[in-house]
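**Q**
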Amino acid sequence: GESVGLHLPTLSVQEGDNSIINCAYSNSASDYFIWYKQESGKGPQFIIDIRSNMDKRQGQRVTVLLNKTVKHLSLQIAATQPGDSAVYFCAENMRSGGSNYKLTFGKGTLLTVNP
Amino acid sequence: SAVISQKPSRDICQRGTSLTIQCQVDSQVTMMFWYRQQPGQSLTLIATANQGSEATYESGFVIDKFPISRPNLTFSTLTVSNMSPEDSSIYLCSVELTVATQYFGPGTRLLVL
Numbered sequence: 012g013e014s015v016g017l018h019l020p021t022l023s024v025q026e027g028d029n030s031i032i033n034c035a036y037s038n039s040a041s042d043y044f045i046w047y048k049q050e051s052g053k054g055p056q057f058i059i060d061i062r063s064n065m066d067k068r069q070g071q072r073v074t075v076l077l078n079k080t081v082k083h084l085s086l087q088i089a090a091t092q093p094g095d096s097a098v099y100f101c102a103e104n105m106r107s108g109g110s111n112y113k114l115t116f117g118k119g120t121l122l123t124v125n126p
Numbered sequence: 222s223a224v225i226s227q228k229p230s231r232d233i234c235q236r237g238t239s240l241t242i243q244c245q246v247d248s249q250v251t252m253m254f255w256y257r258q259q260p261g262q263s264l265t266l267i268a269t270a271n272q273g274s275e276a277t278y279e280s281g282f283v284i285d286k287f288p289i290s291r292p293n294l295t296f297s298t299l300t301v302s303n304m305s306p307e308d309s310s311i312y313l314c315s316v317e318l319t320v321a322t323q324y325f326g327p328g329t330r331l332l333v334l
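Line by line, the protein sequences give chains W and F.
Per the working numbering, the very first residue in the first sequence carries number 12; after that it's consecutive.
Per the working numbering, the very first residue in the second sequence carries number 222; after that it's consecutive.
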């Protein structure tokens with residue numbers, strides 16, 4: 012069936028380095044892709060999204076790249092800080108009956124930032 | 222964004238009992254969602270709750286086990302019925318504030334003994 016998955020379950024980086032978290036998806040009909048950050052004991056926090064007709068979108072210290080040819084999504088975090096330590100989920104959003112959207116989450120990557 | 226709150230934040234329950242989780246948002250929204258996140262796992266959609274209509278359940282989830290109410294545009298409840306240890310999870314509500322973008326509450330951490 013359709014699925015969203017991640018290449019790397021864990022990622023450890025040094026403070027100040029750039030981080031890249033990868034995600035593979037299989038449903039080419041998805042309209043939006045979203046990255047969430049989940050800190051321990053909290054709900055997922057929206058980071059950034061990208062529409063399927065875009066290749067790149069930048070936010071504050073984060074960049075999301077979408078490669079539809081190979082169905083690959085990545086989240087780049089510049090100058091990673093200890094506060095960036097969390098589990099990161101990619102999710103794809105697709106219409107599911109009428110105008111409703113339905114999110115499907117990937118497995119998650121644990122990012123650990125070492126001081 | 223919006224302020225989304227859930228009650229209770231955590232609970233420990235005995236098997237065979239039921240727990241009702243509340244989700245409150247500080248603005249009116251059409252679409253609200255309930256998810257389950259088992260320990261160390263990703264999020265799985267339980268159901269979509271639109272105000273004024275019956276909730277739509279995903280495969281593997283049924284109304285008898287997870288009844289949902291959506292009485293107005295700012296509030297929803299999820300009940301976990303006849304609980305067993307396998308229901309121990311984090312239960313999360315989310316709202317769709319802009320098209321195709323969901324924002325999540327802090328979650329309810331449930332432990333069933």
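We put the beta carbon where it would ideally sit given N, CA and C, even for glycine.
1. First and last residue of the beta strand (DSSP E) that includes residue 330(F)?
2. Looking at chain F, which residues of the stretch 95 to 111 of chain W have a Cβ within less than 7 Å of any of its Cβ atoms?
3. Using a beta-carbon distance below 9 Å, is residue 296(F) in contact with chain W?
4. For residue 278(F), return the contacting residues in chain W, with the cut-off set at a CB-CB distance below 9 Å.
5. DSSP three-state call for residue 119(W): helix, strand or coil?
6. Taking only beta carbons into account, state which residues of the stretch 14 to 48 of chain W come closer than 8 Å to chain F, listed in chain order.
7. Please classify residue 41(W): is it buried, with 16 or more other beta-carbons within 10 angstroms of its beta-carbon, or exposed?
8. Do the stretch 88 to 106 of chain W and the stretch 24 to 31 of chain W touch if we need at least three Cβ pairs shorter than 8 Å?
9. Report the residue from 20(W), 72(W) and 83(W) whose alpha carbon sits nearest the alpha carbon of residue 44(W).
**A** The short version:
1. As a first step, residue 330(F) must be located in the second sequence, where it is residue number 109. Taken as a continuous stretch (DSSP letters only), the beta strand (DSSP E) holding residue 330(F) covers 329 to 333.
2. 100, 104 and 111
3. Position 75 of the second sequence, counted from the start, is the residue given in the question as residue 296(F). Not an interface residue.
4. Stepping through the second sequence from its first residue, residue 278(F) is reached at position 57. Here the premise fails: no neighbours, minimum Cβ distance about 12 Å.
5. To locate residue 119(W), count along the first sequence from 1; it is residue 108. Three-state DSSP puts residue 119(W) in coil, outside helix and strand.
6. 42, 43, 45 and 47
7. Numbered from its first residue, the first sequence carries residue 41(W) at position 30. By the 10 Å Cβ count, residue 41(W) comes out buried.
8. yes
9. In the first sequence, residue 44(W) corresponds to position 33, counting from 1. Among 20(W), 72(W) and 83(W), the Cα nearest to that of residue 44(W) belongs to 83(W).
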